[in-house]
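First comes the structure, then the notes that go with it.
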Amino acid sequence: MGIKYCDEIMEKINNGFCISPDAFKIGEAAILGMLYEVSSSPSPGLISPYSSGSHSDMNFYTFLNSTSSIAHAMYICAQIGIDYEDEILEKIRSVGLWAEKNMLRATDGINTQRGLLFLAGVTAAAAGMCIRNRYRVTRFNISKMASIICYGLVERELKTLSNSKKLTNGERLFLEYGLTGVRGEIEKGLPSIIEVGLPCYEEAISFGLSTPKALSHSLIGLMTVVEDTTVVNRCGIEGLNKMREMAIKALKLGGMKTLEGEGYINKMEDVFVAHNISPGGAADLLAVTVMIHELEKHFRKDE
């Protein structure tokens, strides 16, 4: 079924199917979020322009290649949300599979942004649904639409699992620890972003921090709450607990709003690299935090 839907959409595009101005704006916000995230620093354990963090197989330019290879998928997912009323998830997943192949070609087989491709693709479609239904494009309406798109996803794909089949990392971590990962986050309507990521980002901007520092502040906030399956996959529940413990302390010290907090966040980089901690789940949510912030800002101007 996924291949069918991908062929349908690609056929429309190849025959002159146009992306609307609203879908272009949604896609642009998604791409901006991806670029802001990978450009942010300090970002303990993560790729940045200055460090490869806890990674030996990729760098900043790997992520630039990856982002450019999946950019077109964001426009298409947004247009799907605008144009279609049902089976949205199946449609955007088929686009995601197509975009994932492009990503792997661009990165020589390295999985840089598979989780973000799904997360941002659903969010783009959710924003498109807001436009189709004539709802305001706000964080709360995007949250509701994302929940509708992914309704029952955890029940269908995780709670029926058994160890008898070949499992993805996310499926294995659900069976071992009950972690629902990106599926659970988006089915619940992106609570980590709505309740933590956006408030931390906007608080930092209001405080007068530069964009890079505001991004880091939001990232640390997200680390305190996210069920980061990337971290658990790399270094177990102990790594997740270590990440949360240090992020909580960083915020108590003021995060990027104080010299003491900023100094502690810089020290987190050394600890994360030493323990192989890479908070990829929090990073993906930071990218979508920026995306939603930009969407609200843009569509508010049009009201």
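Anchor point for the sequence shown: position 255 equals 374 in the numbering used here, and the numbering is continuous, going up by one each time. In this text, a Cβ means the ideal position worked out from N, Cα and C, and glycines have one as well. Here the structure is a predicted model, which means the values were calculated and not measured.
Quiz item: Using 8 angstroms as the Cβ pair cut-off and three pairs as the minimum, do the stretch 321 to 340 and the stretch 149 to 166 touch?
Solution: yes
Practice problem: State the start and end residues of the unbroken alpha helix (DSSP H) segment that holds Met264. | Solution: Taking the sequence shown and counting its residues from 1, one reaches residue 264 at position 145. Run containing Met264: 258 to 268, per the alpha helix (DSSP H) assignment.
Quiz item: Sorted by chain position, which residues of the same chain lie with C-beta nearer than 6 angstroms to Tyr383's C-beta, five sequence neighbours on each side aside?
Solution: Position 264 of the sequence shown, counted from the start, is the residue given in the question as residue 383. These residues qualify, in order along the chain: Ala369, Leu372.
Practice problem: Flag this pair as yes or no: are the beta carbons of Ala192 and Ala225 separated by less than 8 angstroms? | Solution: As a working mapping, residue 192 is identified with position 73 in the sequence shown. As a working mapping, residue 225 is identified with position 106 in the sequence shown. Cβ atoms of Ala192 and Ala225: not closer than 8 angstroms.
Quiz item: In whole angstroms, what separates the C-alpha of Glu276 from that of Ala244?
Solution: Counting from 1 along the sequence shown, the entry for residue 276 is found at position 157. Counting from 1 along the sequence shown, the entry for residue 244 is found at position 125. Distance between the alpha carbons of Glu276 and Ala244 is about 20 angstroms.
Practice problem: Identify the continuous alpha helix (DSSP H) that holds Lys386 and give its terminal residues. | Solution: Your numbering for residue 386 matches position 267 in the sequence shown. Start and end: 378 to 393.
Self-check item: Continuous alpha helix (DSSP H) stretch holding Thr186: start and end
Solution: Locating residue 186 in the sequence shown gives position 67, counting from the first residue. Taken as a continuous stretch (DSSP letters only), the alpha helix (DSSP H) holding Thr186 covers 179 to 202.
Quiz item: Quick one: what's got a C-beta closer than 8 angstroms to Gly172's C-beta in the same chain, skipping five residues either side?
Solution: Within the sequence shown, the letter at position 53 stands for residue 172. Excluding sequence neighbours, Gly172 sits near Ser162, Pro163, Gly164, Leu165, Ile166, Glu388, Phe391, Val392, Ser397.
Quiz item: Tell me, which residues are paired with Ser397 by DSSP?
Solution: Residue numbering aside, residue 397 sits at position 278 when the sequence shown is read from its first letter. For Ser397, which the question treats as bridged, DSSP gives no partner whatsoever.
Quiz item: For the 8 angstroms Cβ check, are there 3 or more pairs between the stretch 412 to 419 and the stretch 375 to 382?
Solution: no
Quiz item: In terms of alpha-carbon separation, which member of Tyr194, Glu274, Tyr296, Ile150 lies closest to Asp403?
Solution: Indexing the sequence shown from 1 puts residue 403 at position 284. Nearest C-alpha to Asp403: Ile150.
Quiz item: Does the Cβ-Cβ distance between Val351 and Tyr296 come in under 8 angstroms?
Solution: For the purposes of this step, residue 351 is taken as residue 232 along the sequence shown, with counting starting at 1. For the purposes of this step, residue 296 is taken as residue 177 along the sequence shown, with counting starting at 1. Yes, Cβ-Cβ distance for Val351 and Tyr296 is below 8 angstroms.
Self-check item: Close-in-space but distant-in-sequence residues of the same chain around Gly303 (CB under 6 angstroms, 5 per side omitted)
Solution: Along the sequence shown, one-based indexing puts residue 303 at 184. Cβ neighbours of Gly303 beyond the five flanking positions: Val273.
Practice problem: Within its chain, find whatever has a CB closer than 6 angstroms to the CB of Phe182; leave out the 5 residues flanking it on each side and keep chain order. | Solution: As a first step, residue 182 must be located in the sequence shown, where it is residue number 63. Within the same chain, Phe182 has close Cβ partners Val157, Ile166, Thr231.
Quiz item: Alpha carbon to alpha carbon, how far is Met362 from Glu130?
Solution: On the sequence shown, position 243 is the one that residue 362 refers to. On the sequence shown, position 11 is the one that residue 130 refers to. Each residue's Cα considered, the two are about 45 angstroms apart.
Self-check item: Coarse secondary structure for Met120, derived from DSSP in three states
Solution: As a working note, residue 120 is residue 1 in the sequence shown. With a pLDDT of 37 at Met120, under the threshold of 50, the modelled position of that residue is not reliable, and no figure is offered here.
Quiz item: Run through DSSP, which three-state label would His417 get?
Solution: Here residue 417 refers to the residue found at position 298 when the sequence shown is read from its first residue. Of the three classes helix, strand and coil, the one that applies to His417 here is helix, per DSSP.
Exercise. Tell me, to the nearest whole angstrom, how far the beta carbon of Leu236 is from that of Ile199; I am working on the premise that it is less than 8 angstroms.
Key: Taking the sequence shown and counting its residues from 1, the one referred to as residue 236 is at position 117. Taking the sequence shown and counting its residues from 1, the one referred to as residue 199 is at position 80. At roughly 14 angstroms, the Cβ-Cβ gap does not stay under 8 angstroms, so Leu236 and Ile199 are not in contact.
Practice problem: Classify Ser162 as helix, strand or coil using the three-state DSSP reduction. | Solution: Indexing the sequence shown from 1 puts residue 162 at position 43. Of the three classes helix, strand and coil, the one that applies to Ser162 here is coil, per DSSP.
Quiz item: If Leu405 sits next to Leu317, beta carbons under 8 angstroms apart, how far is it from one beta carbon to the other, in whole angstroms?
Solution: If you number the sequence shown from 1, residue 405 lands on position 286. If you number the sequence shown from 1, residue 317 lands on position 198. Between Leu317 and Leu405 the Cβ distance is about 10 angstroms, and since that is not below 8 angstroms, they are no contact.
Quiz prompt | Backbone CA spacing between Gly228 and Ser213 [nearest angstrom] | solution = As a first step, residue 228 is located in the sequence shown; it is residue number 109 there, counting from the start. As a first step, residue 213 is located in the sequence shown; it is residue number 94 there, counting from the start. Between Gly228 and Ser213, the C-alpha separation is close to 19 angstroms.
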